[in-house]
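The structure appears right after this line, and notes come after that.
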Amino acid sequence: MTTKTISLDRPVFDLLSEVPEVQPVMIAIGLDGVTNPLLLQTAGRFMTLRKGAKMKEIPLAQLITALHNAGFEVAEA
Amino acid sequence: MSAADQIKHNAVYRQQKIVEILKLLHNGGSFEKAKAIFDETFDQVDVAEITSAERELIASGLNPMEIQHLCNVHAAVFKGKITDEQTTTPDQEQPGHPVQVLKLENLIIGSLLQDELLPCLKKWQQSGSDDVYLQRMRKALQDLTTIDRHYTRKENLIFPLMDKYGITAPPKVMWGVDDQIRDLIKQANKLVAQEPLPDKYVIETAIEAANKEIKEMIFKEEEIMVPMVNEVFTVADWGLIAAESDPIGYTLIAPPLPWRPTAAQLAAATPQVDSKIANELNEMAQALADQQTPGRLKIDPQVKNYKVKEFKEQLGTPAPSSASTTDTQAATAEPDPAVVRPDVATPAGSSAKEAMADYQPTQLLLNAQGQAQIAFNNGQLDLGELTGIFKVLPVDLTFVDANDQVAWFSDDGDRVFPRTKAVVGRAVINCHPPKSADRVLKILSDFHQGLRDHADFWIDFRGRRVYIRYFAVHDEQGQYAGCLEVTQDITKIQQLTGQKRLEDEPTPTVKDPAGADSEAGGDD
Numbered sequence: 001m002t003t004k005t006i007s008l009d010r011p012v013f014d015l016l017s018e019v020p021e022v023q024p025v026m027i028a029i030g031l032d033g034v035t036n037p038l039l040l041q042t043a044g045r046f047m048t049l050r051k052g053a054k055m056k057e058i059p060l061a062q063l064i065t066a067l068h069n070a071g072f073e074v075a076e077a
Numbered sequence: 001m002s003a004a005d006q007i008k009h010n011a012v013y014r015q016q017k018i019v020e021i022l023k024l025l026h027n028g029g030s031f032e033k034a035k036a037i038f039d040e041t042f043d044q045v046d047v048a049e050i051t052s053a054e055r056e057l058i059a060s061g062l063n064p065m066e067i068q069h070l071c072n073v074h075a076a077v078f079k080g081k082i083t084d085e086q087t088t089t090p091d092q093e094q095p096g097h098p099v100q101v102l103k104l105e106n107l108i109i110g111s112l113l114q115d116e117l118l119p120c121l122k123k124w125q126q127s128g129s130d131d132v133y134l135q136r137m138r139k140a141l142q143d144l145t146t147i148d149r150h151y152t153r154k155e156n157l158i159f160p161l162m163d164k165y166g167i168t169a170p171p172k173v174m175w176g177v178d179d180q181i182r183d184l185i186k187q188a189n190k191l192v193a194q195e196p197l198p199d200k201y202v203i204e205t206a207i208e209a210a211n212k213e214i215k216e217m218i219f220k221e222e223e224i225m226v227p228m229v230n231e232v233f234t235v236a237d238w239g240l241i242a243a244e245s246d247p248i249g250y251t252l253i254a255p256p257l258p259w260r261p262t263a264a265q266l267a268a269a270t271p272q273v274d275s276k277i278a279n280e281l282n283e284m285a286q287a288l289a290d291q292q293t294p295g296r297l298k299i300d301p302q303v304k305n306y307k308v309k310e311f312k313e314q315l316g317t318p319a320p321s322s323a324s325t326t327d328t329q330a331a332t333a334e335p336d337p338a339v340v341r342p343d344v345a346t347p348a349g350s351s352a353k354e355a356m357a358d359y360q361p362t363q364l365l366l367n368a369q370g371q372a373q374i375a376f377n378n379g380q381l382d383l384g385e386l387t388g389i390f391k392v393l394p395v396d397l398t399f400v401d402a403n404d405q406v407a408w409f410s411d412d413g414d415r416v417f418p419r420t421k422a423v424v425g426r427a428v429i430n431c432h433p434p435k436s437a438d439r440v441l442k443i444l445s446d447f448h449q450g451l452r453d454h455a456d457f458w459i460d461f462r463g464r465r466v467y468i469r470y471f472a473v474h475d476e477q478g479q480y481a482g483c484l485e486v487t488q489d490i491t492k493i494q495q496l497t498g499q500k501r502l503e504d505e506p507t508p509t510v511k512d513p514a515g516a517d518s519e520a521g522g523d524d
């Protein structure tokens, strides 16, 4: 199994279309806006993991750790 | 000319230029032109000099609010200078552009939280019984309630346009959070005003909850909503938003400059619908609309038949006897009147029936001058008269058509609830906070089905007692035509006591017209 690489700056709509298994990780850490499909299809084109973390005041390191623990690589640039 | 004279001359010259710039901007002149004059005049001076010129202007009686506008220009110009590649200021950073205004308000709101409310809260918690900090918290929380205007502008001006472009979910969600924030602020205000004061911890929790949500909303507005609407809004859309903003008002800032798109921008404005995202959004909107059409509120055909029949009876014209099948159908299909029969005013007595017999349906006439006259059963009005009447009616009217979309509203310049042109064509369900959507739908569905013909409410709103009534409107054939909202400020009406009769009017005295004028003027 290859590990999937997640970019912090991709729109979450694109991200979840490609890697839907990230969604539970996002919800667990508090980025729960993605549970509304209509919101995901609209605002999700402008929201990124980095923006979401900043908005919800979740330390970036904490987000990255959560993604690592769930078995994802994180591309930070 | 002595050196001193020259300085003085320059100072006067600069002041003149500043006034010239302000005048230009207030008359809706181009920002770039104002900037050019500014650059030309102030290129050689430093910030301190501008500041002192501004101070002089205030001392010489210029309204400080005007100065604030100048500071905006000044800031924009200064910004252009430090990022050298930028020769023109982007539209959305120009003073008065709705995005600039939104961000400026957010800056002030953020600062009110960060630099005043939270530090005061902290110091008050540490200080035992220091009343100064408590007073400052009360003041800050009071100021925070004006966030309502920021949100109301967004909800009434930006959201309708987002709807129009098929972005429907984010406004709904955001509106829900806006309302939540309004409640949190109200809650915090209540707590700090309570006697005896609740536990400090309770107050801290309330303030921090409000702070968190407000900050998150600022982020959503600027980082998500603005980029999103920039995919679809045209420069004309922004112009409409700017033009309609003043009546709603602003949060903690002076009314901004009247930004408006230039003729060239409007001419060049190809809607940005060629963008990929805009296309996708439009497709989504279309798909949603297609989905909704079959599920639309349907008029019960039985009730409709019944209503049409009833209406024709009122008019004195018997239901068409030629179609006897229709009659029998209607008879067998007639629903139990006790259940369905709406409370429609029926003419009392036979004289009313006779009057209905020569009822003239409304029609359009052209008078000798070729002007349109609307001929109602009881007389004629031309368009000017009709417009004038709607302007002075002491109630605010909003009409929602049979498709539940806002079709029209009356405007006397002082509506209880702000309405703006952006709302026309908007689905009425999106014009209400999500929390009341279910109830609005129920009333409309009852109107469509003929289950009731009005719904009345009275509320206290911003210190006024407001009477809000909704009426089902039917056309002359008895078909449902829409819903009329009638809103009235009844504060003064409720306070009326005794009577004021014509006899109580001052007796007109035969005076020269000037004297009569001044008397009328002093009446209020």
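From first to last, the protein sequence lines stand for chains A and B. Numbering-wise (the numbering used here), the first sequence opens with residue 1 and increments by one. Numbering-wise (the numbering used here), the second sequence opens with residue 1 and increments by one. Heads up, the beta-carbon is just placed ideally off N, CA and C, and yes, glycines get one too.
A402 of chain B and A481 of chain B closer than 8 Å at C-beta: Result yes, Cβ atoms of A402 of chain B and A481 of chain B sit closer than 8 Å.
Assumed close pair I536 of chain B, F46 of chain A - CB separation to whole angstroms, cut-off 8 Å: The displayed coordinates of chain B run from 1 to 524. Any statement about residue 536 of chain B would go beyond what the structure contains.
H97 of chain B, DSSP secondary structure in three states: In the structure shown, the three-state DSSP call for H97 of chain B is coil.
Within-8 Å CB hit, L8 of chain A to chain B: False, the Cβ-Cβ gap to chain B never drops below 8 Å.
Interface flag, K154 of chain B vs chain A, CB-CB below 8 Å: Between K154 of chain B and chain A, the shortest Cβ-Cβ separation is not below 8 Å.
Near-chain B residues of the stretch 16-36 of chain A (beta-carbon distance less than 7 Å), N- to C-terminal order: Residues N36.
Minimum Cβ-Cβ distance from F46 of chain A to chain B less than 8 Å: Yes, contact with chain B.
Cβ separation of Q430 of chain B and D163 of chain B, assumed to be a contact under 8 Å, to the nearest whole Å: With the sequence shown as reference, residue 430 of chain B is identified as Asn, and Gln is not the correct amino acid for it. Right, the Cβ-Cβ distance comes to about 5 Å (below 8 Å), so this counts as a contact.
Segment limits, beta strand (DSSP E) that includes H432 of chain B: Here H432 of chain B belongs to no beta strand (DSSP E), and DSSP marks it neither H nor E.
Residue-chain proximity (A53 of chain A, chain B), Cβ-Cβ < 8 Å: Residue contact check for A53 of chain A against chain B: no CB pair falls below 8 Å.
Cβ contact check for the stretch 66-76 of chain A and the stretch 6-23 of chain A: 3 or more pairs under 8 Å: Because the criterion of three Cβ pairs below 8 Å is met, the stretch 66-76 of chain A and the stretch 6-23 of chain A touch.
Residue interval of the alpha helix (DSSP H) (run including L161 of chain B): 159-164 is the span of the alpha helix (DSSP H), which, as asked, contains L161 of chain B.
Closer than 8 Å to chain A by CB, I224 of chain B: Chain A contact via Cβ: present.
Close-in-space but distant-in-sequence residues of the same chain around R50 of chain A (CB under 6 Å, 5 per side omitted): Excluding residues within five positions, the ones whose Cβ falls inside 6 Å are L8, D9.
Buried or exposed by the 16-neighbour rule on C-beta atoms within 10 Å, applied to Q62 of chain A: Looking at its Cβ environment, which holds fewer than 16 other Cβ atoms inside 10 Å, Q62 of chain A is exposed.
Interface residues of the stretch 164-184 of chain B facing chain A [CB-CB below 8 Å]: Within the stretch 164-184 of chain B, those residues whose Cβ lies closer than 8 Å to any Cβ of chain A are, in chain order, I167, T168, A169, P170, V173.
Check whether Y467 of chain B and Q488 of chain B have beta carbons under 8 Å apart: Contact flag set, yes.
Host beta strand (DSSP E) of S7 of chain A (start-end): Its beta strand (DSSP E) spans residues 5-7.
CB contact below 8 Å: L38 of chain A versus chain C: Looking for chain C here will not work: the only protein chains present are A and B.
Residue burial classification, W238 of chain B (beta-carbon count within 10 angstroms, cutoff 16): W238 of chain B counts as buried, since no fewer than 16 other beta carbons sit within 10 angstroms of its beta carbon.
According to DSSP, residues forming a beta bridge with Y467 of chain B: Beta-bridge pairing links Y467 of chain B to B:W458, B:Q488.
For P342 of chain B, the three-state DSSP class (helix, strand or coil): Legend: pLDDT at P342 of chain B = 41, less than 50; position of this residue unreliable, no value from coordinates given.
Distance, A43 of chain A Cα to K200 of chain B Cα: A direct Cα-to-Cα measurement between K200 of chain B and A43 of chain A gives close to 38 Å.
Beta-carbon proximity check, I218 of chain B vs I109 of chain B, cutoff 8 Å: Judged by their CB atoms, I218 of chain B and I109 of chain B are nearer to each other than the 8 Å cut-off.
DSSP state of Y133 of chain B mapped onto helix, strand, coil: Secondary structure of Y133 of chain B (DSSP, three-state): helix.
Closer than 8 Å to chain A by CB, F219 of chain B: Judged by the 8 Å Cβ criterion, F219 of chain B is in contact with chain A.
Exposure of Q135 of chain B, with buried meaning 16 or more beta-carbon neighbours within 10 Å: Exposed.
Close-in-space but distant-in-sequence residues of the same chain around D124 of chain B (CB under 7 Å, 5 per side omitted): The residue asked about is misnamed: residue 124 of chain B is Trp in this sequence, not Asp. For W124 of chain B, where only same-chain residues beyond five positions count, the Cβ hits under 7 Å are D130, Y133, L134, M137.
Local Cβ density within 10 Å of R153 of chain B, reported as buried at 16 or more and exposed below that: Burial of R153 of chain B is indicated by the presence of at least 16 other C-beta atoms within 10 angstroms of its C-beta.
Partner residues on chain A for P227 of chain B, Cβ-Cβ distance less than 7 Å: Within 7 Å Cβ-Cβ: F46.
Beta-carbon separation (whole angstroms), L157 of chain B vs A422 of chain B, contact threshold 8 Å: The C-beta distance from L157 of chain B to A422 of chain B rounds to 5 Å, short enough to meet the 8 Å contact threshold.
CB of I167 of chain B within 8 Å of CB of M228 of chain B, strictly: Inclusion of I167 of chain B and M228 of chain B in the CB contact set at 8 Å is warranted, their separation being smaller than that value.
Whole-angstrom distance between P255 of chain B and D246 of chain B, CA atom to CA atom: Spanning the alpha carbons of D246 of chain B and P255 of chain B requires a straight line of approximately 7 Å.
Burial state of H150 of chain B, where buried means 16 or more other Cβ atoms lie within 10 Å: For H150 of chain B, the number of other beta carbons within 10 angstroms of its own is at least 16, and it is reported as buried.
Buried or exposed by the 16-neighbour rule on C-beta atoms within 10 Å, applied to L366 of chain B: With a 10 Å radius around the Cβ and a threshold of 16 neighbouring Cβ atoms, L366 of chain B comes out exposed.
Under 8 Å between C-beta atoms of A236 of chain B and P261 of chain B: Contact: yes.
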